[in-house]
Amino acid sequence: MNPLLPKPESTVRSMQYREAEAVERLLIDNPRQPWEGLVSGLDFHGESRSSLRSPWQQLLTVLFKQAPSRKRTYVLEQENALAGVIRISPFNQNRSTWRIDQIGIRPGQGHLDVGTQLIRYCLEHIFEARTWLVEVEVNHPQDLSLYRHNGFQPLAQLTYWELSPQSLATVAEREPTLPNLLPVSNADASLLYQLDTAAMPPLVRQVFDRHIQDFKRNLFTVCLQGLRQWMQPYEQVNGYVFEPQRKAAIGHYEVKLCQTGSHPHQAHLTVHPAYTWLYPELLAHMGRLAQALPAASMYLTSADYQPEREAYLQQIGAERVGHSLMMSRSVWHKLRETRSHALDTLQLPEMLQGLQPNRTPVPGRMSLLPPQWPQTEGAAPTSALPRIAWSHEVPRGASEALVPKEVLKPECRESEESEA
Numbered sequence: 001m002n003p004l005l006p007k008p009e010s011t012v013r014s015m016q017y018r019e020a021e022a023v024e025r026l027l028i029d030n031p032r033q034p035w036e037g038l039v040s041g042l043d044f045h046g047e048s049r050s051s052l053r054s055p056w057q058q059l060l061t062v063l064f065k066q067a068p069s070r071k072r073t074y075v076l077e078q079e080n081a082l083a084g085v086i087r088i089s090p091f092n093q094n095r096s097t098w099r100i101d102q103i104g105i106r107p108g109q110g111h112l113d114v115g116t117q118l119i120r121y122c123l124e125h126i127f128e129a130r131t132w133l134v135e136v137e138v139n140h141p142q143d144l145s146l147y148r149h150n151g152f153q154p155l156a157q158l159t160y161w162e163l164s165p166q167s168l169a170t171v172a173e174r175e176p177t178l179p180n181l182l183p184v185s186n187a188d189a190s191l192l193y194q195l196d197t198a199a200m201p202p203l204v205r206q207v208f209d210r211h212i213q214d215f216k217r218n219l220f221t222v223c224l225q226g227l228r229q230w231m232q233p234y235e236q237v238n239g240y241v242f243e244p245q246r247k248a249a250i251g252h253y254e255v256k257l258c259q260t261g262s263h264p265h266q267a268h269l270t271v272h273p274a275y276t277w278l279y280p281e282l283l284a285h286m287g288r289l290a291q292a293l294p295a296a297s298m299y300l301t302s303a304d305y306q307p308e309r310e311a312y313l314q315q316i317g318a319e320r321v322g323h324s325l326m327m328s329r330s331v332w333h334k335l336r337e338t339r340s341h342a343l344d345t346l347q348l349p350e351m352l353q354g355l356q357p358n359r360t361p362v363p364g365r366m367s368l369l370p371p372q373w374p375q376t377e378g379a380a381p382t383s384a385l386p387r388i389a390w391s392h393e394v395p396r397g398a399s400e401a402l403v404p405k406e407v408l409k410p411e412c413r414e415s416e417e418s419e420a
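Letter by letter, the sequence shown follows residues 1 to 420 in full-length UniProt numbering.
Below, the structure written as structure tokens:
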């Protein structure tokens, strides 16, 4: 785009249903690698072309997968044409951390300009998000510069590994020693939360901001997962290793098996840093699960804070297939103060003008004697008024010499005059 030409007016808004095909084309023009999304939990080849799906699959996608509570899609429109699209979703249950799933920009448009407008719109309008997360491949310098321009900082380096069917069969030959391997249920959410907390550094833990609720699944999610497995040739198996002495989970695995062998299996491992000997055992167990299906490779991931995992994957012959950079940034939303319009025109000196004195006050005389009011007709006699104790009685224990004569009782004054 020529910088000397005036920029066309652009509008960022939510995607409409009639724009689904155009949005899919923009996202396909900016494809995601087959191993991307393992850390963030995205579906493998989840963003496929709508025309390749049956009408029943398209209907179920509209009803479930595009639920407004999960993914959101925004488009940037310039001159009545789509110039870019961004897809975001919440990363945790309390929706304090959101992630940018994918950005698609039409060829010929300014990548930095269009991408910045889309990202800025999400940062400003998703008020519940305190932290944003994105995963960028290191071989895409244009995307890296886009996110750095918008304030994203590196959080962790991720390495993706591919375990060939031959290596997977070799790993599955040994018998795994996992006496306390248990299936995962909602009752084990607290154990998995503690394991997830111990398996990552404090900064990553703060960005992810996961809680016990993130490891629970409701009935709707379970039914939806079963429906997807029936529609797609995938089977999801998970489990965790329980340590009875510590009463804690020390290892957890989740593998997504392709039943047809057309796509590689996806595996996700979480191991306590003090129990790294679980890597061979869990991989042997997952290899045995994959041997019952057609031969296919398996994708795994490791972070730069997991050197033991990377060393073991190199030992068993896994091949590096990709490197990505996890980036994050925090957002602070300003809350606009609401002021009452009725009080905007009133000034403080004008409001207190009636309370200001007309002249400088002069200190007056203070008297200990009670005030004597003149008798008026029809008024009650003085004797009928209640006596004031402090003006006519001497406090007990006080010396009469220290009390003025005007304060003493009448009989006391008469006795003093007779003595004189």
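Note that the Cβ used here is the ideal one computed from N, Cα and C, for glycine as well.
Subject >> Residue interval of the beta strand (DSSP E) (run including Glu173) >> reply: From DSSP, Glu173 is part of no beta strand (DSSP E); its letter is neither H nor E.
Original post:
Quick one: what's Thr131 bridged to in DSSP?
Top reply: Thr97, Ser330
**OP:** Classify Gln117 as buried or exposed, calling it buried when 16 or more other Cβ atoms lie within 10 Å of its own Cβ.
**Re:** buried
Original post:
Considering only residues of the stretch 233-304, which uninterrupted alpha helix (DSSP H) runs meet the minimum length of 4 residues and lie entirely inside it, listed in chain order?
Top reply: 278-291
Subject >> Residues that Trp161 bridges to, as DSSP identifies them >> reply: Leu300, Arg320
Original post:
Of all the options Gln291, Val271, Gly322, His252, which has the alpha carbon lying nearest to the alpha carbon of Gln306?
Top reply: Val271
Original post:
Relative to the alpha-carbon of Gln157, which residue among His263, His268, Glu135, Asn150 has its alpha-carbon at the smallest distance?
Top reply: Glu135
Original post:
Sorted by chain position, which residues of the same chain lie with C-beta nearer than 6 angstroms to Lys256's C-beta, five sequence neighbours on each side aside?
Top reply: Tyr234, Gln236, Gln266
**OP:** Answer with buried or exposed for Asp188, where buried requires no fewer than 16 other C-beta atoms within 10 angstroms of its C-beta.
**Re:** buried
Original post:
Looking only at DSSP bridge pairs, what is Glu77 linked to?
Top reply: Thr11, Leu82
Subject >> Sub-7 angstroms separation of Leu155 and Ser328 beta-carbons >> reply: yes
Original post:
What separation, rounded to the nearest whole angstrom, lies between the Cα atoms of Arg98 and Leu195?
Top reply: Note that residue 98 corresponds to Trp in the displayed sequence, not to Arg. Between Trp98 and Leu195, the C-alpha separation is close to 22 angstroms.
**OP:** Return the bridge partner residues of Val136 from the DSSP annotation.
**Re:** Leu325
Subject >> As assigned by DSSP and simplified to three states, the class of Ile119 >> reply: helix
Subject >> Inter-residue Cα distance where the pair is Leu163 and Gln291 >> reply: 13 angstroms
Original post:
Smallest Cα separation from Val114: which of Glu137, Asp143, Ile126?
Top reply: Asp143
Original post:
Cα-Cα, which of Met231, Arg217, Val321, Asp209 is closest to Pro264?
Top reply: Val321
**OP:** Determine the closest residue to Leu133 out of Arg174, Ala169, Gln206, Gly108, with distance taken between C-alpha atoms.
**Re:** Gln206
**OP:** Please go through the same chain and pick out, in chain order, the residues whose beta-carbon is closer than 6 angstroms to the beta-carbon of Glu310, but skip the five residues on each side of it.
**Re:** Ser302
Subject >> Straight-line gap, Lys216 to Ser96 (C-alpha atoms, nearest Å) >> reply: 17 angstroms
**OP:** Please report how far the alpha carbon of Gln166 lies from the alpha carbon of Thr197, in whole angstroms.
**Re:** 34 angstroms
**OP:** Over the uninterrupted alpha helix (DSSP H) stretch that includes Pro202, give me the two end residues.
**Re:** 202-208
Original post:
Nearest CA to the CA of Val23: which residue from Arg72, Ser10, Gly104, Ile88?
Top reply: Gly104
**OP:** Decide if Gly239 is buried, meaning its Cβ has at least 16 other Cβ atoms within 10 Å, or exposed.
**Re:** buried
Subject >> Bridge partner(s) assigned by DSSP for Arg365 >> reply: Per DSSP, none; premise fails for Arg365.
**OP:** Express the C-alpha separation of Ala169 and Met286 in angstroms, rounding to a whole number.
**Re:** 10 angstroms
**OP:** Out of Ile250, Ala20, Met298, Trp161, state which residue places its alpha-carbon closest to the alpha-carbon of Thr276.
**Re:** Ile250
Original post:
Quick one: is Thr159 buried, meaning 16 or more other Cβ sit within 10 Å of its Cβ, or exposed?
Top reply: buried
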